[in-house]
Amino acid sequence: MTIDEDHDSIRAIRWEDGRLCLLDQRRLPFEEHYLYLDDAAGVAAAIRDMVVRGAPAIGISAAYGVVLAARRRQAQAPGDWRGLLDADIRVLAAARPTAVNLFWALERMQGCLAAAGVDSGAALLEEARRIHAQDIDANHRMGEHGAGLIQAGAAVLTHCNTGSLATGGYGTALGVIRSAWKAGKLTGVYAGETRPWLQGARLTAWELTRDRIPVTLITDSAAALLMHRERVQWVIVGADRVTANGDVINKIGTYNLAINCRHHGINFMVAAPCSTLDFSLASGQAVEIEERGADEVLTLGGERIAAPGAMAWNPAFDVTPAELVDYLVTEQGAIGAPDAEKLAALRPLG
Ligand code: MRU
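Mind the numbering: the sequence shown is residues 1 to 350 in the numbering used here, read in order.
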């Protein structure tokens with residue numbers, strides 16, 4: 001894998017000496033600490049606890065988790081290890097519910113195992129590496145397609161972290177922003193801080209400043225004024241799942257941004273690889289929205305900030321109806337006003 005040093009220096013997932021190496025995103029932006037994992041339970045815990053997050057990154061990590069599990073099971077029960085692997089795959093699948101890339105990657109690994117011959121351990125590693133490399137390639141393609149829509153002199157707002165940290169590398173929405181920045185089209189990049197986990201303030205701001213793309217943070221509640229003052233022409237976000245009708249499930253707050261965009265006549269773009277499309281669900285209403293612990297809202301940096309006795313509701317994602325999406329960008333191109341018919345015309349993933 002070659003890394004273009006030009007505004008693209010970060011790779012948070014690596015396969016090193018037979019182990020999965022993950023940049024611990026809970027410690028960013030102040031510490032760059034890597035965790036080395038050698039079993040499926042460790043990978044599932046890393047996904048659940050947000051060491052690694054972002055839909056494609058979760059899927060890629062789970063794929064390497066299957067490789068680790070297969071090695072362990074083979075050593076444990078050389079004749080009968082394939083059956084034992086199902087339990088590990090269930091553990092990985094239970095790590096987080098909303099990002100479809102997790103289930104997509106596990107299905108790909110299961111398909112690979114079913115088709116593999118005697119050397120299935122090597123085939124599984126090859127498949128995980130392929131999933132990883134294909135994701136980076138898809139991000140570069142999306143970057144080109146998305147940047148092609150943006151007029152020179154535009155400023156953009158993004159939400160959560162959709163960059164190299166959230167993917168195999170380069171990023172989805174942040175990949176479009178990288179490409180548009182490299183093309184000299186952007187006058188500014190704004191990032192919402194993304195309460196409660198602060199992916200925008202901690203991760204996107206770290207990633208962009210490190211890659212020499214200036215970024216201005218706003219509180220999530222400043223977005224409407226930013227649009228009203230015409231300081232941005234585009235909002236560009238990623239997705240954890242896009243259902244057959246084009247509904248977009250993404251980080252909580254995305255729906256607010258889409259409504260605000262429509263009100264202010266601002267373009268709303270979703271960049272998501274085809275591995276994020278879920279044709280099995282007709283609409284976003286059927287998607288399980290992860291609810292995380294109340295302490296993420298009631299505390300900040302480990303200190304309680306809410307009045308004693310207050311409770312909290314903490315959905316991690318929301319559903320943006322397809323009719324609020326101006327463009328859906330995949331590696332296959334840009335779709336204006338996405339709907340079921342246009343999505344169905346996409347080529348299946350090879
Ligand atoms: O809870 P997270 O940090 O895993 O949520 C991530 C997002 O919502 C991203 O926008 C999404 O995964 C698309 S990014 C490639």
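C-beta atoms are modelled at their ideal positions from N, C-alpha and C, and glycine is treated no differently. All values reported here derive from a predicted model rather than from experimental measurement.
Residue 318 lies in the beta strand (DSSP E); which residues open and close that run?
Start and end: 317-320.
How big is the Cα-Cα spacing for residue 177 and residue 156?
Rounded to whole angstroms, residue 177 to residue 156 spans 8 Å at the Cα level.
So is the beta-carbon of residue 117 under 6 Å away from any non-hydrogen atom of ligand 1?
No - ligand 1 has no heavy atom lying nearer than 6 Å to the Cβ of residue 117.
Return the chain-ordered list of same chain residues with a C-beta closer than 6 Å to the C-beta of residue 145, the five sequence neighbours on each side being excluded.
Correct list, in chain order: 329, 333, 334.
Could you tell me the distance, in whole angstroms, from the CA atom of residue 58 to the CA atom of residue 89?
Residue 58 and residue 89: Cα-Cα distance of roughly 14 Å.
Helix, strand or coil at residue 155 according to DSSP, with G and I counted as helix:
Residue state, collapsed to three classes: strand.
Any non-hydrogen atom of ligand 1 closer than 6 Å to residue 146 Cβ
No, since every heavy atom of ligand 1 falls outside the 6 Å radius drawn around the Cβ of residue 146.
Taking just the CA atoms, how far does residue 91 sit from residue 299?
The straight-line gap separating the alpha-carbon atoms of residue 299 and residue 91 is approximately 29 Å.
Between the beta-carbon of residue 353 and the beta-carbon of residue 238, is there less than 7 Å?
With the chain running from 1 to 350 in the structure shown, residue 353 is simply not present.
Would you decide whether residue 2 is buried or exposed? Buried here means 16 or more other CB atoms lie within 10 Å of its CB.
Caution applies to residue 2, whose pLDDT of 49 falls short of 50 and renders its modelled position unreliable; the value that the coordinates give is listed next. Residue 2 comes out exposed.
Between the Cα of residue 47 and the Cα atoms of 221, 228, 102, 261, which residue gives the shortest distance?
Out of 221, 228, 102, 261, 102 has the C-alpha closest to the C-alpha of residue 47.
Alpha carbon to alpha carbon, how far is residue 347 from residue 322?
In a straight line, the C-alpha of residue 347 is about 20 Å away from that of residue 322.
Compare the Cα-Cα distances from residue 69 to each of 98, 117, 33, 19 and report the closest residue.
When 98, 117, 33, 19 are compared, the shortest CA-CA separation from residue 69 is found for 19.
Any heavy atom of ligand 1 closer than 6 Å to the Cβ of residue 196?
Outside the cutoff, so no.
Using the C-alpha atoms, what's the distance from residue 119 back to residue 179?
Going by the C-alpha atoms only, they are around 40 Å apart.
Could you check if residue 250 belongs to the surroundings of ligand 1, using beta carbon to heavy atom distance under 6 Å?
Indeed, a heavy atom of ligand 1 lies less than 6 Å from the Cβ.
Beta-bridge pairing of residue 236 - partner residues as DSSP gives them:
For residue 236, the beta-bridge partners assigned by DSSP are 158, 269.
Here's the rule I'm using: 16 or more other beta-carbon atoms within 10 Å means buried, otherwise exposed. How should residue 275 be labelled?
By the neighbour-count rule (16 or more Cβ atoms within 10 Å), residue 275 is buried.
Tell me whether the beta-carbon of residue 271 lies closer than 7 Å to the beta-carbon of residue 173.
For residue 271 and residue 173, yes; Cβs fall inside 7 Å.
Whole-angstrom distance between residue 30 and residue 181, CA atom to CA atom:
Distance between the alpha carbons of residue 181 and residue 30 is about 25 Å.
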